[in-house]
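Protein chains: 2
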Amino acid sequence: MTKSASSKSALQEKEGISAPEIVNIASAAQLKKLRSRPISAETLTKGIVSGAIPALSQAITLIESTNPNHLEKANQVITACLPYSNKSVRIGITGVPGVGKSTFIEAFGKYLTGMGKKVAVLAVDPSSTISHGSILGDKTRMEELVKDPNAYIRPSASGETLGGVARKTRETIILCEAAGFDTIIIETVGVGQSETAVHSMVDFFLLLKIAGAGDELQGIKRGIMEMADAIVINKADGDNIKKAQYAKTEFNRALHLFPAKKSGWTPTVTTCSSITHEGITTVWDTISAFLELTAANHYFEEKRAGQNQYWLMETINEQLKQHFYTDTNIMASLESYKKAVQNNEISPFAAASVLLEKYFK
Amino acid sequence: MTKSASSKSALQEKEGISAPEIVNIASAAQLKKLRSRPISAETLTKGIVSGAIPALSQAITLIESTNPNHLEKANQVITACLPYSNKSVRIGITGVPGVGKSTFIEAFGKYLTGMGKKVAVLAVDPSSTISHGSILGDKTRMEELVKDPNAYIRPSASGETLGGVARKTRETIILCEAAGFDTIIIETVGVGQSETAVHSMVDFFLLLKIAGAGDELQGIKRGIMEMADAIVINKADGDNIKKAQYAKTEFNRALHLFPAKKSGWTPTVTTCSSITHEGITTVWDTISAFLELTAANHYFEEKRAGQNQYWLMETINEQLKQHFYTDTNIMASLESYKKAVQNNEISPFAAASVLLEKYFK
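Line order of the protein sequences matches chains D and W.
Take the first sequence: its letters are residues 1 to 361, numbered as in the UniProt record's numbering.
Take the second sequence: its letters are residues 1 to 361, numbered as in the UniProt record's numbering.
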């Protein structure tokens, strides 16, 4: 399923299945026309709250739109959905390409729906603007989960900035929760600052790793390990089991370097196999224990309130910058001041003063 | 010497020495009057470039002033000094209270002036706004260095924000370099984001530690170790030598966790004693080796150019925020929107939209 198709259609994809001949062409056209007519924010909200997937998908498409009218309607839907949201656990999952994120989410997601949970899988992947959906774009990698009626998979929104992509995903979380999804998984890939963005919108942050050549810690990205509430070493099957055990010891030692977490939670390191499903239960048990602890010490609600504040400020700061840097006056002179600063002809602070004066005049 | 005295007087302090009776009272008054008359930016610049300490101190006082006229004059002086600046090594030194920063800088600074270098010691300490100069405020802790004609010590500027304090220090660096100081030491204390600010204005970043109870790495702040070009374990004397050696091993192992640096430099861990002066030479040798390497691979100049760009952007962003948050419209409604966001009555993004609309109207 391609990205553009996903934006236009509110239906769940069934790629490779062409319309059977029995379909009434006329009624299909009528349906299409109906669907292209604007639906009110109220109708959409009702649909979402009743758990209707087409309404959910359509509202998310509004969120992802660049049309100002769509944005306004999206804001109305989100505000109306807010009272129904917030009752879920939001789990962030990160890991570099190759650690088996898709197969892990497939196995983990199936385990959760098997427990009666409703699972939404979203993604934050700013690189998808260029690659048109590198993660989750190819849903065939989650063959089982995609067919599960209690799972909803939505590829990463696209956008020019990480801020934009993150905003869209965060708003999508609200809608998914209002639609009755109680477990929200947000996948991201270890690129740039996307982990920080995801970390600031989830309750629990899981770092997926695989056992390597023995030197597991070399090259690990700054801060990622510190953000993790759990490190799960994937692909612990067959010949890999021994290596995975060794990696577990290494990571446990490394976690020891970091100061205690505000949550009162001690990060765990476990192994798992998305093939044999060994260790998948442990992942959920870990998250449950975390939820229990942070509900008791009120960290859970405090963190969510803090995240709301963070996104308010973050959005304001982002918009202020965007307004400044797209100002015609600024665009006309910024580069020359940058060069002057680079060549030590003017101090960065003096240059900033001049530019700000131009802007505020 | 108190903070306020240091701002008013252009003279180096000689606390505890009262004016000898032989001083001509009339001529002293005349001198005082002369000094209180505004001096032109040109005269100040000439004084600085000739290496006159009173002119340097006076210009720094202008930088630290909140009077807009002073700021304008300060900008003129800085711009005029820029061609004479940039020829130095800028060394950042951080460490939590108790590691002996002052005694280390005293020993290290004396070593450098002994080699014929001219050393300026500055500080970035946002907490000094409240405490009126907690670090470097008490210059008596650098008894020897303060009397050294080839050393110049200036306590941290004060300011409401770290951004403000950092700006002032960064501009002070330019003036000190124009005044002929070839080695700039910038001290900071392990509080908040001040290390990041200092890191973004120096060539070489030194983390000062002491050997502890054996578990050296516990509680070390995120990112600090990764920023360090050298870790120096201070107070390696007497009974401490063995512990310091052990700490050295521990830190060396921990540094192994981090990815290779862009500079091509491999961070070092050494021990030193500010009392016996053992290891002080090694610190300078380390810095010299770093300078040689980064001059050859052009990292030195690239980093400085990058830092200039960073400060340009940083200043703009800081000012944009300040302008927004001090807007009367925003100040009147921000708190109620913050509360609404906290209580899930409005999404952070919708709240940001409303506030930004108010602001730009």
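Even for Gly, the Cβ is constructed at its ideal location relative to N, Cα and C.
On a predicted model such as this, the values are computed, not experimentally measured, just so you know.
query: Could you check the C-alpha separation between D/Q342 and D/F181 for me, to the nearest Å?; result: 51 Å
query: Name, going along the chain, the residues of the segment 282 to 308 of chain W whose beta-carbon falls closer than 7 Å to a beta-carbon of chain D.; result: A305 and N308
query: I want to see whether chain W comes within less than 9 Å of D/L162, judged by CB atoms only; does it?; result: no
query: Run through chain D and tell me which residues come within less than 8 Å of W/E171, C-beta to C-beta.; result: S347 and F349
query: Determine which residues of the segment 62 to 88 of chain W have a Cβ less than 8 Å from any Cβ of chain D, and write them out in chain order.; result: N75, I78, T79, L82, P83, S85 and N86
query: Taking the CB atoms as reference points, tell me whether D/L175 and D/I93 lie closer together than 9 Å.; result: no
query: Who are the Cβ neighbours of W/V99 in its own chain at under 8 Å, not counting the five residues just before and after it?; result: L208, K209, I210, N234 and K235
query: With distances taken Cα to Cα, identify the nearest neighbour of D/Y152 among D/D229, D/G95, D/I184 and D/K358.; result: D/I184
query: Please list, in chain order, all residues of the same chain as W/H70 whose beta carbon is under 7 Å from its beta carbon, the five residues on each side excluded.; result: L62
query: Less than 6 Å between C-beta atoms, sequence neighbours within five positions excluded: which residues of the same chain meet that for W/I173?; result: I184
query: Less than 9 Å between the beta carbons of W/I316 and D/L356, yes or no?; result: yes
query: Could you check whether the segment 282 to 298 of chain D touches the segment 249 to 268 of chain D, counting it as contact only if at least three pairs of C-beta atoms, one from each stretch, sit closer than 8 Å?; result: yes
query: Using C-beta distances below 6 Å, list every residue in its chain close to W/Q12, excluding the 5 sequence neighbours before and after it, in chain order.; result: Because W/Q12 sits at a pLDDT of 43, beneath the cut-off of 50, its placement in the model cannot be relied upon, and the following sentence gives the value as read from the coordinates. Excluding residues within five positions, none has a Cβ falling inside 6 Å.
query: Relative to the C-alpha of W/W284, which residue among W/K321, W/L206 and W/A244 is closest?; result: W/L206
query: For D/T315, return the contacting residues in chain W, with the cut-off set at a CB-CB distance below 7 Å.; result: P348, F349 and A352
query: Under 8 Å Cβ to Cβ from W/K303, same chain only, skipping five residues before and after it: list those, please.; result: D203, S263 and T294
query: Could you check which residue in W/F300, W/A352, W/L312 and W/P155 has the C-alpha nearest to that of D/Q319?; result: W/A352
query: Candidates W/T66, W/S57, W/T79 and W/A289: which alpha carbon is nearest W/E42's?; result: W/T79
query: Residues of chain W with a CB under 7 Å from the CB of D/A254: which are they?; result: L257
query: With DSSP as the reference, identify every bridge partner of W/G92, one or two as the case may be.; result: W/I186 and W/F205
query: What residues from chain W crowd round D/V341, counting only those whose CB sits closer than 9 Å?; result: A305, N308, Q309, W311 and L312
query: Given the structure, does W/L175 come close to the ligand PLP, in the sense that its CB is under 8 Å from one of the ligand's heavy atoms?; result: For the structure depicted, the ligand PLP is absent and the ligand set is empty, with no information on it obtainable.
query: On the DSSP bridge assignment, give the partners of D/Y152 in chain order.; result: D/A120
query: State the Cα-Cα distance for the pair W/T113 and W/E144, rounded to the nearest angstrom.; result: 11 Å
query: Based on the DSSP secondary-structure assignment, which residues constitute the bridge partners of W/I210?; result: W/N234
query: Which whole-angstrom value describes the C-beta separation of D/V124 and D/V77, a residue pair presumed to lie in contact below a C-beta threshold of 8 Å?; result: Rounded, the Cβ-Cβ distance is 21 Å, inconsistent with contact.
query: Tell me the DSSP bridge mates of W/V269?; result: W/I231
query: Any beta carbon of chain W sitting closer than 9 Å to that of D/F324?; result: yes
query: Going straight from the alpha carbon of D/A55 to that of D/S40, what length do you get?; result: 11 Å
query: Starting from the beta carbon of D/R167, find every residue of chain B whose beta carbon is closer than 8 Å, and list them in chain order.; result: Absent from the structure is chain B; the protein chains it does hold are D and W.
query: Chain W partners of D/N344, CB-CB under 8 Å?; result: L82, P83, S85, N86 and N308
query: With 9 Å as the threshold, decide whether the Cβ of W/I174 is near any Cβ in chain D.; result: yes
query: Taking only the alpha-carbon atoms, compute the straight-line gap between W/Y325 and W/V354 and give it to the nearest angstrom.; result: 14 Å
query: The alpha helix (DSSP H) with D/E314 in it runs from where to where?; result: Y299 to Y325
query: Quick check: what's the CA-CA separation for W/T129 versus W/S158?; result: Because the pLDDT of W/T129 is 46, which lies under 50, any placement of that residue in the model is unreliable, and the number read from its coordinates should be weighed accordingly. Between W/T129 and W/S158, the C-alpha separation is close to 5 Å.
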